[in-house]
Structure formats: structure tokens, C-alpha cells
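Chemist:
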Amino acid sequence: RLSNVYCSNINIPMKLFALGLLATVPGITSFSFYSSTITSSPLSPVSFVNKLVNNLNGDTKPSNPKTLTPVSLQPSTTTKTKPSQPALHTPPTTIRRPIVAGNWKLNPTTREEALTLLNGLASSSSSTCDVVIFPPLPYLFLALEILKDTSIQIGAQNAGIYEKGAYTGEIAPSMLSSSGISHVLLGHSERRTIFGETDVNINQRLQKCLEEEELTVVLCVGETLEEYEAGLLTSVVDTQLRKGLAGVSKESLMKDRIVVAYEPVWAIGTGLVATPQQAQDAHVAIRRTLESVYDAGVAQAVRIQYGGSVSPESVGDLMDMPDIDGALVGGASLISDSFGKIIQGASPGGAATITTTAPVPPVVTVDPSTFHHEPLSTFAIPNLKPKG
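FYI, the numbering used here numbers position 347 of the sequence shown as 856, with every residue one higher than the one before it.
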């Protein structure tokens, strides 16, 4: 047992030698393997090792062998299981309401175009899905006025870290909140790469937004193509989350004050879309980080959107994934008909009850004589299929 706990990465001869030495330590008179295979008087190192080797070779059978549960090699086909297999925990049944957000970015170019788009969106609200749009600053009050009788909420694309003072061009979260704005988008990859915003700076903005009780933050995270191909997706997202949420209380997350948006940078505006399983894997990684930083309850409560060239054609398959709770939409949000179809695709049956215990998958019997591992070269990056 000591060998297994402290020497899990040491080869068998070294383990045997270490156990043999333990057999000579004063006060140790017996060892127990399985159901007490070795229970004799003190052994010399040589005798101990010989007896242990005989045991491992099957000369002595355990009296009460343990039966291991077979592991299925089939992928899970469960739907809306939180989190996806393999599960790290089994928290209570969770309900996460879908959320679809439209990021207009620096569009459209004129007020007249914005009016046309807003009037078209007025009929796109949903009773089973939260809908938010993020127009540019000059169109915020126009959106508030036109959509005031709908369930569509209005968000700002950024906010500053100052409340007032000599900071020309800055926007305080309190200004947004007191004007009827409900959401703020922070950490978008374009803000990170083009304008040099850092995780620390984004965290400062987030903390300031949380001081306004009416504001909800959509925190964006995601990796570049180079980071993805280097296998750094989990590391990048983990770092962005830990730094972005530094100092944020569990209560803020449990109160739905923060929504996480996973946007692979290589899929933004390129027409490429992560496969549903790729997106699902990334969302599971996000929940694991949340569980590590907070707990299982937080990991299950936080809503996570997928963003990156989401379209009416792709949203259905993405929403079928158990850990994807909505979409952050770019270009398609500038066409009212397309955005309306995405809203419909994200909430076909309303807010579904999400169970956390998946059915046990069927057991697959593997023939040891035919099973083999592929060489490592099989999984080299050049041999993998292109994304999209």
C-alpha cells in the first residue's frame, strides 16, 4: 500500500526493493496483500521479495478478490447530462435556462440601419430562452426604447474600471446600470488581441461591474488556433478563468451574475465552427476549472455559451450537447431573421430539467488478443483532421 501511494511512478524492481527494506524495519512483523497473503513472521528482504513475486505470479490467490466494474469503450449517448462523462461529481438536479446573445461589434454603420435591425428583432423574443443584444454605444438607448416591450435585454460591449473623474472616453458600469443596461461583455478576444486587454485588466472591469447589482457579466474565454493545435486549450481556458474570476465570490456565481462564453478564436468570423463534441469538451474543461476554484455546485450552476460563427444551421447540434447552455452570436445577429432562427434553435423545448446521473452505458467486451494501442505518431498534429 505504501508503494502504491508514494511510488506510483516508480518501476516494479524499485518498489520490490523498497518493500523488502520495510520488511526489516523493527516493529513491522507482517504485510497484507489482498486478503492477507503474507502474514508470517518477519521476513528478510530476499525472502520477502521472493514471496511477493510468487504472489504476483498467481501462486497464492486472494481469498476475497474484488470484482472491478467493467469500463465501457463506447461514447456516451446521453443528452443534457451535467456534466458530461466522465463525471467528477454527482450534484443535485440542475436547471440552467438557455441564453442567446448577439454581439453587434462595430455594426451597423448608420442609425437608420440600426433602426431597421432593431424593429426586425422586436418579434424575436422568447419565453423559454434569455435573449441579449450588445449594440455599439450610440445605439444602446435606441435599443432600449424600441425593445422596451419585449423580453430582449440590452448589453454593452465593454465597461471601464473607473466610476468618475478625468478619464476621457471611459464608461463607468454605474452609468450603464442606471441607464437600464442589464449586461456587459468582457474579455472578448478582439479586445484582448487588438486593444491589449489582459486578464488582470478584465478582472478589474468585472469586479467593478459586480458592484452594480443590476449588471450581469458575460466573460469570454478561448484559445487561438496555434494554442488549440498545441493541445493548450484546457491550459489557456483554465488560466483565463482563474485570473478573470480572481476575487469573485461563490455567491456572485450562484446568483447568475456571471455567464461564461467560450469562443475559440480560430472560429470567430472565419466560418469555421467547432464540432459539437469539440465545444462540449471545452465546456467540460471550463466546468472542471470552476469546480476546482469553487465547488461542484458552482460548476453546475454557471451558464456557458458557445461562440464562434454560430448559425441557424449549427445551433441545434451545439445545443444538443449537455454542457452548452446557449450561444454568443456574431455576424448572424446582424440579420434579424437569422438571429430569430438561432433563438428558436437554442430553446426548442424551453428550459429543460437537466439530470446529473447518466444511464450506465452498455458493457463492451474486449478481446485482449486483438486489442492494441496505436503508436504515438498516430496522434501527431499533422495527422489530425483540420478543424471545421
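No residue lacks a Cβ here, since even glycine has one placed at the ideal position from N, Cα and C.
I'd like the list of long-range same chain contacts for V580, defined as Cβ closer than 6 Å, with 5 residues on each side in sequence excluded.
Modeler: Note on V580: pLDDT 31, under 50, position unreliable in the model; no value is reported.
Chemist: Between which residues of its own chain and R714 is the CB-CB distance below 6 Å, once the five residues before and five after are set aside?
Modeler: A668, I670 and L695
Chemist: In the structure shown, what three-state DSSP assignment does Q666 receive?
Modeler: coil
Chemist: Is D826 close to the ligand SAM? I mean its beta-carbon at under 8 Å from any heavy atom of the ligand.
Modeler: Absent from the structure shown: the ligand SAM. Ligands present: none.
Chemist: When the distance is taken between beta carbons, is V727 closer than 9 Å to V768?
Modeler: Yes; because the gap between Cβ atoms is below 9 Å, this pair is in contact.
Chemist: If V807 sits next to V838, beta carbons under 8 Å apart, how far is it from one beta carbon to the other, in whole angstroms?
Modeler: Actually they are not in contact, since the Cβ atoms of V807 and V838 sit about 26 Å apart, beyond 8 Å.
Chemist: For N628, is the classification buried or exposed, using 16 other Cβ atoms within 10 angstroms of its Cβ as the cut-off for buried?
Modeler: exposed
Chemist: Please return the same chain residues whose Cβ sits closer than 8 Å to the Cβ of A810, not counting the five positions on each side in sequence.
Modeler: T603, R605, L762, M763 and D765
Chemist: To the nearest angstrom, report how far apart T707 and E732 are at their CA atoms.
Modeler: Here the alpha carbons of E732 and T707 stand approximately 14 Å from one another.
Chemist: Compute the Euclidean distance between the alpha carbons of T578 and A788, then round it to the nearest angstrom.
Modeler: Annotation note: pLDDT 34 at T578 (below 50); position unreliable, coordinate value reported separately. About 30 Å.
Chemist: In whole angstroms, what separates the C-alpha of G611 from that of P884?
Modeler: 44 Å
Chemist: Under a three-way DSSP split, which group does I844 fall into?
Modeler: coil
Chemist: For Q749, is the classification buried or exposed, using 16 other Cβ atoms within 10 angstroms of its Cβ as the cut-off for buried?
Modeler: buried
Chemist: Taking T702 as the reference, give the member of I777, L646, G825 and S686 with the closest Cα.
Modeler: I777
Chemist: Mind checking which residues open and close the alpha helix (DSSP H) that includes A631?
Modeler: Segment: none, A631 is in no alpha helix (DSSP H) and carries neither H nor E.
Chemist: Mark E721 as exposed unless 16 or more other C-beta atoms lie within 10 angstroms of its C-beta, in which case mark it buried.
Modeler: Label assigned to E721: buried.
Chemist: In or out: G756 buried (at least 16 other Cβ within 10 Å) or exposed?
Modeler: exposed
Chemist: In angstroms with no decimal places, state the Cα-to-Cα distance between T659 and S632.
Modeler: 8 Å
Chemist: Name the DSSP beta bridge partners of T725, please?
Modeler: H692
Chemist: On the DSSP bridge list, what partners appear for L837?
Modeler: A610 and G816
Chemist: Under three-state DSSP, which class holds A770?
Modeler: strand
Chemist: Count the other CB atoms within 10 Å of the CB of K717; is the residue buried (16 or more) or exposed (fewer)?
Modeler: Residue environment for K717: buried (at least 16 other C-beta atoms within 10 angstroms of its C-beta).
Chemist: I'd like the span of the alpha helix (DSSP H) that includes I795, first residue to last.
Modeler: P785 to V802
Chemist: Could you compute how far the alpha carbon of A665 sits from the alpha carbon of D832?
Modeler: 26 Å
Chemist: My assumption, with CB atoms under 8 Å, is that M830 sits in contact with A855. Please give the rounded CB distance.
Modeler: That belief does not hold up - the Cβ atoms of M830 and A855 are roughly 12 Å apart, past 8 Å.
Chemist: Counting only the same chain and skipping the five closest in sequence on each side, list residues whose C-beta sits under 8 Å from that of V641.
Modeler: I608, V609, A610, G611, I661, Q662, I663, G664, S691, H692 and V727
Chemist: Taking just the CA atoms, how far does G840 sit from E622?
Modeler: 15 Å
Chemist: Just verifying my parser: in three-state terms, what is the DSSP assignment at D829?
Modeler: coil
Chemist: Identify the continuous beta strand (DSSP E) that holds I642 and give its terminal residues.
Modeler: The continuous beta strand (DSSP E) containing I642 extends over residues D639 to F643.
Chemist: Helix, strand or coil: which one does DSSP assign to V730?
Modeler: strand
Chemist: Looking at the unbroken alpha helix (DSSP H) that takes in L911, where does it start and where does it end?
Modeler: Missing from the structure shown is residue 911; the chain here goes from 510 to 897 and no further.
Chemist: Can you tell me the Cα-Cα spacing of L630 and I852, whole angstroms?
Modeler: 11 Å
Chemist: Given this structure, state the Cα-to-Cα distance separating P821 from E760, to the nearest angstrom.
Modeler: If you take the alpha carbons of P821 and E760, they lie about 35 Å apart.
Chemist: Could you say which of P785, D834, L615 and L685 lies nearest to E699 if we only look at CA atoms?
Modeler: L615
Chemist: Please classify T599: does DSSP put it in a helix, a strand, or coil?
Modeler: Interpretation of T599 is limited by its pLDDT of 36, a score under 50 that renders its predicted location unreliable; no figure is taken from the coordinates.
Chemist: Are the Cβ atoms of Q794 and Y815 separated by less than 9 Å?
Modeler: Residue identity differs from the one stated: residue 794 is Ala in this sequence, not Gln. Going by C-beta atoms, A794 is not nearer than 9 Å to Y815.
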